[in-house]
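Okay, structure first, notes after.
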Amino acid sequence: VYILYTSGSTGTPKGIVHTHRNILHNIRNYTNAFRITPDDRLTLLHSCSFASSTVDIFCALLNGAALYPWEVREEGMSGLASWVLDQEITLLTWVPSLFRQFAAALESGQEFPSLRLLVLGSEPVSRRDFELYRRHFPSSCLFANKLGTTETGCFRLFIAGPETEIPGSLVPAGYAVE
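Just so we're aligned, residue 47 is where the sequence shown starts under the working numbering, counting upward by one.
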């Protein structure tokens, strides 16, 4: 289907070929875990050259859901909260560092009633991130930490609700996906 290049953390970036079968396998795992339906509205906050963007794109396309791109580099974080609210986003996916900036700019009491799932990944997720989720998102919204690589896609997933206790300083990487 496509080739993505790794960041080069091992010394040299390498092209990773993703097949139709691999994409379908990964998207089935996300569809089932996140219960994605045609009623969902997913964000695309990553560059299309970032492995996580393929999840957002294909989850929307293969499930009949809507995909809402926001160019963080061009549009910045200002206005993002209003946009999420106005577009009635149901599934918000991004990296923890951007989530922290977003949450820090939220006004007290600002709510996102349509949001049912907040997904963080690609960087370590801290208990502080989980507390920001608890503080700013409705009790009906779930929190997910996903762990994966450019080579494999997601291979561990942790889904929690607002009552979940996080014992350490980091949110667990979770359980192996199929």
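Even glycine gets a Cβ: it sits at the ideal position worked out from N, Cα and C.
Bear in mind that the values here come from a model prediction, so they are computed numbers and not experimental data.
Expressed to the nearest angstrom, what Euclidean distance is found between the alpha-carbon atoms of residue i and residue j?
i           : j           : result
residue 32  : residue 85  : Nothing about residue 32 can be read from this structure; the chain reaches only from 47 to 224.
residue 109 : residue 207 : 24 Å
residue 185 : residue 62  : 39 Å
residue 82  : residue 222 : 19 Å
residue 126 : residue 88  : 14 Å
residue 151 : residue 129 : 14 Å
residue 149 : residue 122 : 14 Å
residue 161 : residue 91  : 15 Å
Applying the 10 Å Cβ sphere with the 16-neighbour rule, what's the burial state of residue i?
i           : result
residue 59  : exposed
residue 100 : buried
residue 65  : exposed
Taking the CB atoms as reference points, tell me whether residue i and residue j lie closer together than 8 Å.
i           : j           : result
residue 124 : residue 141 : no
residue 80  : residue 164 : no
residue 118 : residue 144 : yes
Where does the unbroken alpha helix (DSSP H) through residue i begin, and where does it stop?
i           : result
residue 142 : 142–150
Starting from the Cα of residue i, find the closest Cα among the options and give me that residue.
i           : options            : result
residue 219 : 213, 193, 163      : 193
residue 114 : 120, 98, 121, 135  : 135
residue 74  : 212, 201, 209, 214 : 201
residue 68  : 49, 53, 56, 55     : 49
Provide the residue span of the beta strand (DSSP E) that contains residue i, from first to last.
i           : result
residue 112 : 112–115
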